[in-house]
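Going line by line, the protein sequences match chains A and B.
When you number the first sequence by the numbering used here, it's gap-free, plus one each residue, and the end is 159.
When you number the second sequence by the numbering used here, it's gap-free, plus one each residue, and the end is 159.
Number of protein chains: 2
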Amino acid sequence: MFNDFPLTLKKLNLKITPKRVAILEILMKESVFLSPEEIWQKMKRQFVKIGLPTVYRNLEELSEGNIISKVNHPNRQLYYYLCHNQTHHHHFICLSCRKVEDINLCGAKEVEEEVKKKIKGKVLSHILQVNGLCKHCLKKKTHEI
Amino acid sequence: MFNDFPLTLKKLNLKITPKRVAILEILMKESVFLSPEEIWQKMKRQFVKIGLPTVYRNLEELSEGNIISKVNHPNRQLYYYLCHNQTHHHHFICLSCRKVEDINLCGAKEVEEEVKKKIKGKVLSHILQVNGLCKHCLKKKTHEI
DNA sequence: TGCATTAATAGAAACGATTTCTATTTAAAC
DNA sequence: GTTTAAATAGAAATCGTTTCTATTAATGCA
């Protein structure tokens with residue numbers, strides 16, 4: 015899937031524009047989550063004309079299409095990352111270096127079961143995210159967050 | 015605990031001001047999450063002089079002290095609620111009527127175990143929240159979110 | 001290949017939730 | 001009471017994010 019960005023975009027009924035592809039390429043290379051502003055800075059190296067709203071818009075569209083994921087950051091700003099793992103799972107994010115690591119465990123099935131049984135409601139989405147410091151950042155003397 | 019707000023505030027080393035108590039009383043009465051603005055509107059009924067920044071500041075302090083909880087809302091705005099249940103658990107939030115219901119199940123222990131084992135990092139916090147429609151809102155023809 | 005259609009974009013501008021700032025007031029300790 | 005440090009009001013600023021409009025580009029089809 016992630017070796018063919020044009021196909022990925024086509025499936026989402028999004029036109030294949032150089033900028034969309036570039037955003038995916040940028041996120042593909044990173045093992046850390048990035049802010050729209052940071053992605054924009056990287057885009058400016060490749061494109062003479064590139065607006066920040068374009069970056070915001072595309073990130074939102076790609077996120078809607080479940081190609082990329084949003085981070086729930088304590089500072090409440092937007093961050094995105096592209097996760098190669100296509101099976102359902104969740105993430106550990108390092109608040110210091112921003113590395114995203116998979117958590118191949120999800121109590122979500124049980125939770126959805128419980129929600130259906132007890133709450134009798136409909137689940138639209140769920141968040142399971144662990145925030146902390148990765149092993150490398152843990153070794154450092156100071157942990158800037 | 016929640017029958018003695020002054021004591022609760024004292025434990026957090028926060029001065030017992032009428033406005034802090036009022037914020038807790040307002041949240042105590044509600045079964046739904048509220049925005050700072052909404053809480054401010056309710057405060058204005060009781061106080062002639064009451065600034066929105068005061069509401070924001072106090073909500074943040076109370077949240078820091080784990081007396082109240084933040085909602086991770088898809089619209090990325092701030093919402094708070096006071097949960098009576100003191101044991102560790104998580105929540106189902108109805109995106110339509112904003113009702114908060116307890117989920118007495120948390121895969122967090124397993125998750126923390128996995129994080130420690132595999133990721134060897136330090137967990138600072140975690141989010142487990144289920145978003146959806148409660149049984150009452152599910153019955154309605156239209157679901158305004 | 002060229003044309004028509006529709007989506008995507010740039011750039012400027014607006015937006016608005018949240019935070020900051022400073023002078024004033026208030027809680028609490030003694 | 002007096003003192004001290006925290007809390008507050010009110011105005012203002014901040015700044016991440018979104019909206020708006022004219023222009024450009026991608027796509028589908030002749």
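No residue lacks a Cβ here, since even glycine has one placed at the ideal position from N, Cα and C.
In the three-state reduction of the DSSP assignment, C111(A) falls in the coil class, being assigned neither a helical nor a strand state. Contact between C148(B) and G135(A) holds: CB atoms are separated by about 4 angstroms, below the 8 angstroms threshold. In this structure, L26(B) keeps its C-beta atom at 8 angstroms or more from the C-beta atom of L109(A). Straight through space, the alpha carbons of Q143(B) and I141(A) are spaced by roughly 5 angstroms.
Considering only beta carbons, the part of the stretch 141-155 of chain A lying closer than 7 angstroms to chain B consists of I141, L142, Q143, V144, N145, G146, L147, C148, K149 and L152, in chain order.
Pairing L92(A) with P50(A) gives a Cβ-Cβ distance under 8 angstroms. Comparing alpha carbon positions, the residue from S77(B), E124(B), F106(B) and T22(B) closest to S45(B) is F106(B). DSSP places L66(A) within a helical segment (H, G or I) once states are collapsed to three. Within chain B, the residues placing a beta-carbon under 7 angstroms from that of S139(A) are N145, ordered along the chain. Straight-line spacing of the CA atoms in K154(B) and R112(B) works out to 15 angstroms.
DSSP places L48(B) in the strand class (E or B) of the three-state scheme.
Straight-line spacing of the CA atoms in M57(B) and Y94(B) works out to 15 angstroms. Annotation for K149(B): the continuous alpha helix (DSSP H) segment containing it runs K149 to K153. Spanning the alpha carbons of A36(A) and V114(A) requires a straight line of approximately 21 angstroms.
The Cβ of F106(A) sits closer than 8 angstroms to at least one Cβ of chain B. Counted as a single uninterrupted DSSP element, the alpha helix (DSSP H) harbouring F19(B) occupies residues F19 to K25.
Contact with chain B is found for R90(A), since one of that chain's Cβ atoms lies less than 8 angstroms from the residue's Cβ. Per DSSP, V129(A) lies in no alpha helix (DSSP H) segment and is marked neither H nor E. Interface residue (Cβ-Cβ distance to chain B less than 8 angstroms): K43(A) is not classified as such.
Scanning E158(B), I30(B), I82(B) and E127(B) for the CA closest to the CA of K43(B) turns up I82(B). Taking 8 angstroms as the CB threshold, N86(B) lines the interface with chain A. In the structure shown, K33(A) adopts helical secondary structure according to DSSP, grouped into three states. Residues of chain B with a Cβ closer than 8 angstroms to the Cβ of L109(A) are, in chain order, L138. Taking 8 angstroms as the CB threshold, I53(B) stays off the interface with chain A. Contact between N80(B) and H103(B) is ruled out by a C-beta separation of about 13 angstroms, above the 8 angstroms threshold. Considering only D116(B), I133(B) and V125(B), the residue with the shortest C-alpha distance to K131(A) is D116(B). Counting C-beta atoms within 10 angstroms of its own C-beta, F61(A) has fewer than 16 neighbours from the protein chains shown and is therefore classed as exposed.
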